[in-house]
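Just so we're aligned, residue 107 is where the sequence shown starts under this note's numbering, counting upward by one.
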Amino acid sequence: MLVLLAGIASLTSAAANAQSYRARLPEDEVIYFLLPDRFENGDPSNDQAGLTGDRLATGFDPTSKGYFHGGDLKGLTKRLDYIKGLGATAVWLSPVFKNKPVQGPKGQESAGYHGYWVTDFTRVDPHLGTNEDFKAFVDAAHAKGMKVYMDIIANHTADVLYPAECEGRGECPYRSIADFPYQRRGGIGGAAINAGFDGSNFGKLKDPNYAYTVKVSDAERNVKVPAWLNDPIYYHNRGDSTFRGESSLMGDFVGLDDLFTEHPRVVQGMIEVYGSWIDRFGIDGFRIDTAQHVNPEFWAAFSPAMLKRARAKGIPNFHIFGEVATSEMDPAHTAVNTRVDKLPSVLDFAFARAVIDVVAGKAGTDELAKLFRADPLYEGGADAARRLPTFLGNHDAGRFPMLLKMMGLQAGAEELLRRDMLGHAMLLTLRGVPTIYSGDEQGFVGKGGDQDARQDMFASKVATYNEDSLLGTSATTAQSNFDTSHPLYREIAKLARTRTSHGALTRGRQVVRFASEKPGLFAVSRFDPA
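See below:
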């Protein structure tokens with residue numbers, strides 16, 4: 107059993123709870139992440155978003171893990187006291203923008219319940235409610251001293267455009283700039299197009315058919331909002347990403363329309379789109395989806411513009427953190443995005459990898475020491491590392507107990523629960539901004555990542571969810587799971603209260619005192635900055 111020792115100063119720091127929520131720094135927060143569709147259903151009348159027909163038309167099927175289940179903003183607002191009781195001080199929601207209800211190849215369709223297939227960037231998806239419902243939620247959270255972080259996407263939109271050459275095929279191979287330059291239609295030997303384009307003045311591009319012949323159905327020709335998003339010239343249109351080389355930036359992410367983020371119209375358009383959410387609702391931060399798949403120049407323009415917009419709204423500590431996904435324990439992979447891309451912060455995937463390895467007993471505690479030794483790699487060094495949102499599991503990779511089992515941990519339910527608590531003790535006392543994934547506090551485990559890790563908090567109708575055993579309880583997901591007496595809920599709440607009441611654990615310097623090449627003891631000191 108690994109023992110975590112944190113030196114906690116007895117004096118509460120100057121950054122105490124008495125300060126208003128606006129005055130708190132990003133590192134003062136405890137974040138609670140959730141998917142609104144899977145949290146609580148406060149208004150069954152919007153379950154089908156005003157659409158009619160079967161699930162392929164409405165996107166609603168509460169028995170299928172790949173469709174909308176009925177959770178919404180009214181339900182979330184109703185449960186704010188539950189989240190606050192856990193000790194969370196900020197709520198991060200998966201994207202709430204209007205999505206394409208259903209997409210995917212025939213027989214493989216699923217719904218946009220997760221929020222990442224946006225068609226209208228200006229309004230809330232009607233499955234989740236209205237813009238007025240979102241305003242009511244934000245206002246209610248702020249009244250309770252809680253911040254609201256929106257999940258945003260600048261890399262892509264919903265899948266609307268399609269290459270004529272790939273119609274009817276399951277894939278569309280990426281076509282590179284070298285073989286399919288912008289100045290030729292359909293390849294090097296094609297007709298000359300886009301006169302005046304010199305390789306960098308992207309505003310000169312007029313013809314999008316350099317790699318593929320771009321098509322859109324009549325029914326979806328004007329489906330995107332703002333209207334400029336319906337012009338194919340504002341997309342790369344080069345086929346599917348292989349997630350290597352230039353395709354990582356310019357290829358379609360699993361078929362989604364990849365925005366031409368080098369184009370000045372796209373840069374300004376995204377600044378206006380997301381700036382308006384700050385202006386209208388006074389939100390407190392952005393988590394940026396697929397940030398690593400967007401060119402650095404875009405973020406160099408976008409992030410300062412958002413921080414300026416927030417300051418003008420009276421939000422001095424607006425928190426922006428990007429998703430730079432990796433399964434490796436390699437801080438350099440994420441740190442480069444703070445130096446080159448100038449992202450203010452990034453999710454700390456390396457922290458998750460290290461804690462999983464150590465708590466599963468598959469690595470020595472020196473893996474944690476190596477992780478923290480790399481903090482100077484981030485732009486701003488150790489101070490910036492304190493603002494990295496840390497986590498144990500998520501809606502993509504899977505939940506922490508499941509990931510421990512995937513690492514080969516052989517443990518019964520009681521032992522797995524203790525290790526789960528240990529992981530949360532590390533999350534809430536070590537440097538970074540602890541981020542709790544909704545359901546972890548109720549002992550959710552799951553069978554994998556993605557859809558298998560997106561269980562309902564309200565009573566679920568998904569058979570594969572309901573057959574899972576939960577940690578620390580005899581309940582299943584067939585019941586509503588907002589149990590404030592659950593041992594994980596109580597343990598996390600205790601740790602969160604300790605964290606937020608001691609400046610050493612939020613803003614304090616961290617020094618590793620002991621680590622070993624074997625599983626066992628790991629000791630750190632945290633220093634009160636007051």
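Cβ atoms here follow ideal geometry from the backbone N, Cα and C, with glycine treated the same way.
**Request:** Report the three-state DSSP secondary structure of Asn205 (helix, strand or coil).
**Result:** Correct three-state label for Asn205: strand.
**Request:** Report the residue from Leu534, Ala636, Pro625 and Asp558 whose alpha carbon sits nearest the alpha carbon of Lys600.
**Result:** Looking only at Leu534, Ala636, Pro625 and Asp558, the smallest Cα-Cα distance to Lys600 is reached by Leu534.
**Asked** Between Ser586 and the rest of its own chain, which residues show a CB-CB distance below 8 Å, the 5 nearest in sequence each way excluded?
**Response** Result list for Ser586: Met563, Phe564 and Ala565, in chain order.
**Item:** Endpoints, alpha helix (DSSP H) assigned at Leu182
**Value:** Run containing Leu182: Leu179 to Lys184, per the alpha helix (DSSP H) assignment.
**Item:** Residue interval of the alpha helix (DSSP H) (run including Phe457)
**Value:** Per DSSP, the continuous alpha helix (DSSP H) segment holding Phe457 begins and ends at Phe455 to Val465.
**Request:** Could you check what DSSP says for Gly428 in three-state terms: helix, strand or coil?
**Result:** Looking at Gly428 - three-state DSSP - the assignment turns out to be strand.
**For Asn500, three-class secondary structure by DSSP** = If DSSP states are grouped into helix, strand and coil, Asn500 belongs with the strands.
**Request:** From the DSSP output, in three-state form, read off Trp223 for me.
**Result:** DSSP places Trp223 in coil when its eight states are reduced to three.
**Asked** Looking only at DSSP bridge pairs, what is Leu192 linked to?
**Response** Looking at the DSSP output, Leu192 sits in no beta bridge, so it has no partner there.
**Item:** Reduced DSSP category for Arg386 - H, G, I as helix; E, B as strand; rest coil
**Value:** In the structure shown, Arg386 adopts helical secondary structure according to DSSP, grouped into three states.
**Prompt:** Going by other Cβ atoms of all chains shown within 10 Å of its Cβ, with 16 needed for buried, is Gly309 buried or exposed?
**Reply:** Using a 10 angstroms sphere on the CB of Gly309, the tally of other CB atoms stays under 16, which defines it as exposed.
**Request:** Quick one: give me the first and last residue of the alpha helix (DSSP H) that Ala441 is part of.
**Result:** Per DSSP, Ala441 belongs to the alpha helix (DSSP H) from Pro437 to Arg445.
**Item:** Exposure label - Arg161; buried when at least 16 CB within 10 Å
**Value:** Classification of Arg161: buried, given that the 10 Å Cβ count is 16 or more.
**Asked** Residue range of the alpha helix (DSSP H) that Ala55 falls in?
**Response** Any answer about residue 55 is impossible in this case: the structure gives the chain only from 107 up to 636.
**Message:** I need the straight-line Cα distance from Leu453 to Gln154, nearest angstrom please.
**Reply:** Taking the Cα positions, Leu453 is about 33 Å away from Gln154.
**Distance, Phe424 Cα to Ala531 Cα** = If you draw a straight line from the Cα of Ala531 to the Cα of Phe424, it is about 27 Å long.
**Per-residue DSSP class, three states only, for Arg560** = Correct three-state label for Arg560: coil.
**Request:** Measure the alpha-carbon distance for Asp436 versus Ala456 and round it to whole angstroms.
**Result:** C-alpha separation (whole angstroms): 6 Å.
**Request:** May I ask you to report which of helix, strand or coil DSSP gives Asp167?
**Result:** Coil at Asp167, not helix or strand.
**Prompt:** How would you write the range of the alpha helix (DSSP H) that Gly529 sits in, first residue to last?
**Reply:** Taken as a continuous stretch (DSSP letters only), the alpha helix (DSSP H) holding Gly529 covers Ala519 to Thr535.
**Request:** Could you round the C-beta distance between Val224 and Thr263 to whole angstroms and report it? I think they count as a contact, below 8 Å.
**Result:** Yes, Val224 and Thr263 are in contact; Cβ-Cβ is about 6 Å, under 8 Å.
**Prompt:** What number of angstroms, rounded off, separates the C-alpha of Val372 from the C-alpha of Phe633?
**Reply:** Phe633 has its alpha-carbon roughly 44 Å from the corresponding atom of Val372.
**Message:** Looking only at its chain, what residues have a beta carbon closer than 7 Å to the beta carbon of Pro168, apart from the 5 residues adjacent to it on each side?
**Reply:** Taken in chain order, the residues that qualify are His175, Gly176 and Lys567.
**Item:** Inter-residue Cα distance where the pair is Ser580 and Ala559
**Value:** The C-alpha of Ser580 lies about 19 Å from the C-alpha of Ala559.
**Request:** Return the Cβ separation of Phe404 and Ala260 in integer angstroms, given the expectation that the two are a contact with Cβ distance under 8 Å.
**Result:** Yes, Phe404 and Ala260 are in contact; Cβ-Cβ is about 7 Å, under 8 Å.
**Request:** Starting from Val244, follow the alpha helix (DSSP H) in both directions and report where the run begins and ends.
**Result:** Going by DSSP, Val244 is part of the alpha helix (DSSP H) stretching over Asn237 to Ala249.
**Prompt:** Quick one, are the C-beta atoms of Gly165 and Tyr173 less than 7 Å apart?
**Reply:** Against a cut-off of 7 Å, the Cβ pair of Tyr173 and Gly165 comes out as a contact.
**Prompt:** Ordered along the chain, which non-local residues of its own chain (more than five positions away) have a Cβ less than 6 Å from that of Ala466?
**Reply:** Excluding sequence neighbours, Ala466 sits near Leu510, Met513 and Leu515.
**Item:** DSSP-derived helix/strand/coil call for Arg350
**Value:** In the structure shown, Arg350 adopts coil according to DSSP, grouped into three states.
**Request:** Please determine if the region 297-315 and the region 243-258 are in contact, where contact requires at least 3 C-beta pairs separated by less than 8 Å.
**Result:** Result no; under three Cβ-Cβ pairs closer than 8 Å.
**Asked** Under the three-state reduction of DSSP, which class applies to Thr319: helix, strand or coil?
**Response** Coil at Thr319, not helix or strand.
**Item:** Separation of Pro232 from Gly296, as counted between CA atoms
**Value:** The C-alpha of Gly296 lies about 45 Å from the C-alpha of Pro232.
**Item:** Met256 (DSSP reduced to helix, strand or coil)
**Value:** The answer is strand: DSSP assigns Met256 an E or B state.
**Cβ contact check for the region 320-336 and the region 365-379: 3 or more pairs under 8 Å** = The region 320-336 is in contact with the region 365-379.
**Prompt:** What first and last residue would you give for the beta strand (DSSP E) that runs through Ile283?
**Reply:** Counting along the chain, no beta strand (DSSP E) covers Ile283, and no H or E run does either.
**Sheet register partners of His262 (DSSP bridge)** = Answer by DSSP bridge pairing, in chain order: Asp364.
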